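Peer 1: What follows is a single structure, and I will ask about it in a moment.
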Amino acid sequence: MDFGLQGKVALVAASSKGLGRAVAAELANEGAMLMLCARGEAALDEAREQLEASGTRVEAEVADLTEPADVERVVAAANSSLGQIDILVTNTGGPPAGPFESHSAEAWHEAVRQNLDSVVNLTRAVLPGMKERGWGRIVNVTSIAVKQPVDGLILSNSIRAAVTGFARSLANEVAADGITVNNVLPGYTRTDRLQELAQKIGTDSGQPAATAMAAWEHEIPMGRVGEPHEFAAMVAFLCSERASYITGGSIAVDGGWIRSLL
Numbered sequence: 012m013d014f015g016l017q018g019k020v021a022l023v024a025a026s027s028k029g030l031g032r033a034v035a036a037e038l039a040n041e042g043a044m045l046m047l048c049a050r051g052e053a054a055l056d057e058a059r060e061q062l063e064a065s066g067t068r069v070e071a072e073v074a075d076l077t078e079p080a081d082v083e084r085v086v087a088a089a090n091s092s093l094g095q096i097d098i099l100v101t102n103t104g105g106p107p108a109g110p111f112e113s114h115s116a117e118a119w120h121e122a123v124r125q126n127l128d129s130v131v132n133l134t135r136a137v138l139p140g141m142k143e144r145g146w147g148r149i150v151n152v153t154s155i156a157v158k159q160p161v162d163g164l165i166l167s168n169s170i171r172a173a174v175t176g177f178a179r180s181l182a183n184e185v186a187a188d189g190i191t192v193n194n195v196l197p198g199y200t201r202t203d204r205l206q207e208l209a210q211k212i213g214t215d216s217g218q219p220a221a222t223a224m225a226a227w228e229h230e231i232p233m234g235r236v237g238e239p240h241e242f243a244a245m246v247a248f249l250c251s252e253r254a255s256y257i258t259g260g261s262i263a264v265d266g267g268w269i270r271s272l273l
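The opening position of the sequence shown corresponds to residue 12 in our numbering, with each subsequent residue numbered one higher.
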């Protein structure tokens, strides 16, 4: 299947490892040019080198997307070196785990900056060019927590739900401009973030991290956690020409974990 992404320019946030890196690799396989960004320089350089070795045109910028100036710098660098951005994949690390009373007002503020403000600022930066060309794809990496809250993740449950509301509203506003806006909801997927959560649960409960992992696998109808490339395949499809009539959606890639009908 030809996704029609040859020569398109994609900005993938937090793309040095984990889900973001898997998404970048999948888009590269479809012929897109890439702007990578992340806070860690060493991992970002490694991701860029690997993708370049496969023949992909790649640029990379170290950036903290909670800072509006960094957002502007990354988008300007992409526009200058690759051309106007056609595809935006927003992606952020999850905020700290823990119940409500364990989080200070500053923790809430920082989680909003990381998980909501960065999405809004990235979208604001790329949207005018997409509207001018009459084509664009915006995909937000959120969480299964927006459909079925996860115990102990009150920051993520709350703020990623706000991203969902933002995206659903924006989808209606820009649909007539040839721009689609969708959210993809990763379930329990084999990333560093999942291992960190397993370690925290293990520490809090006095059990091995493997016990938490086994409990999650028991909850998933497929009986296993997902792999990053499985998630990335859905994102790439939503970025494609083939997905031109899909917008405003929140699509789970979770092995059946969410039990709701919608």
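Yeah, the Cβ is synthetic: ideal placement off N, Cα and C, and Gly gets one too. Bear in mind the structure is a predicted one, so any value in this text is a computation, not a measurement.
1) Taking only three categories from DSSP, how would you classify Ser216?
2) Would you give the residue range spanned by the alpha helix (DSSP H) that Arg59 belongs to?
3) Report yes if the C-beta distance between Ser261 and Thr175 is below 8 Å; otherwise report no.
4) State the start and end residues of the unbroken alpha helix (DSSP H) segment that holds Gly141.
5) Identify every residue that forms a DSSP beta bridge with Ile262.
6) Check whether the Cβ atoms of Cys48 and Ala33 sit closer than 8 Å, and answer yes or no.
7) Can you list, in chain order, the residues of its chain whose CB lies under 7 Å from that of Ala173, leaving out five sequence neighbours each side?
8) In three-state DSSP terms, what is Thr175?
9) Bridge partners of Cys48, per DSSP?
10) Please work out which residues of its chain come closer than 8 Å, Cβ to Cβ, to Gly237, disregarding the five sequence neighbours upstream and downstream, and give them in chain order.
11) DSSP on Arg32, reduced to helix/strand/coil?
12) Please list, in chain order, all residues of the same chain as Leu181 whose beta carbon is under 6 Å from its beta carbon, the five residues on each side excluded.
13) What residues in its chain sit with their C-beta under 6 Å from that of Gln125, if we drop five residues either side in the sequence?
14) Val243 to Ile155, Cα distance in whole Å?
15) For the stretch 15 to 32 and the stretch 40 to 47, state whether three or more C-beta atom pairs, one from each stretch, are separated by less than 8 Å.
16) Does the separation of the CB atoms of Val152 and Val85 fall below 8 Å?
17) Once you ignore the five residues that flank Gly163 on each side, which residues in its own chain have a CB closer than 6 Å to its CB?
18) Which value, in whole angstroms, describes the spacing of the CA atoms of Glu52 and Glu37?
19) Contact check, Ala247 vs Glu112 under 8 Å by CB: the rounded distance?
Peer 2: In this structure, then:
1) In the structure shown, Ser216 sits in a helix (DSSP, three-state: H, G or I).
2) It spans 52 to 64 - the alpha helix (DSSP H) in which Arg59 sits, taken as one unbroken run.
3) A contact, by the Cβ cut-off of 8 Å.
4) The question names Gly, yet the displayed sequence has Met at residue 141. Bounds of the alpha helix (DSSP H) holding Met141 are 129 to 144.
5) DSSP, once it has assigned bridges, lists Val195 as partnering Ile262.
6) Cys48 places its beta carbon 8 Å or farther from that of Ala33.
7) Sequence-distant Cβ neighbours of Ala173 in its own chain, meaning closer than 7 Å and more than five residues away, are Leu127.
8) Looking at Thr175 - three-state DSSP - the assignment turns out to be helix.
9) Paired residue(s): Glu72.
10) Once the five neighbours on either side are set aside, the close Cβ partners of Gly237 are Pro197, Gly198, Tyr199, Thr200, Arg201, Val264, Asp265, Gly266.
11) Correct three-state label for Arg32: helix.
12) Apart from sequence neighbours up to five positions away, the residues of its chain that approach Leu181 with a beta-carbon distance below 6 Å are Val192, ordered along the chain.
13) Shown here for Gln125: same chain residues with a beta carbon closer than 6 Å to its own, the five before and five after excluded, namely Thr77, Thr103 in chain order.
14) Inspection of the sequence shows that residue 243 is occupied by Ala rather than by Val. Inter-residue distance for Ala243 and Ile155 is about 15 Å (C-alpha atoms, whole angstroms).
15) With the cut-off at 8 Å, the stretch 15 to 32 and the stretch 40 to 47 touch.
16) Not closer than 8 Å, so no.
17) Same-chain partners within the cutoff: Ala108.
18) Rounded to the nearest angstrom, the gap between the Cα atoms of Glu52 and Glu37 is 21 Å.
19) Contact doesn't hold; Cβ gap of about 40 Å is too wide.
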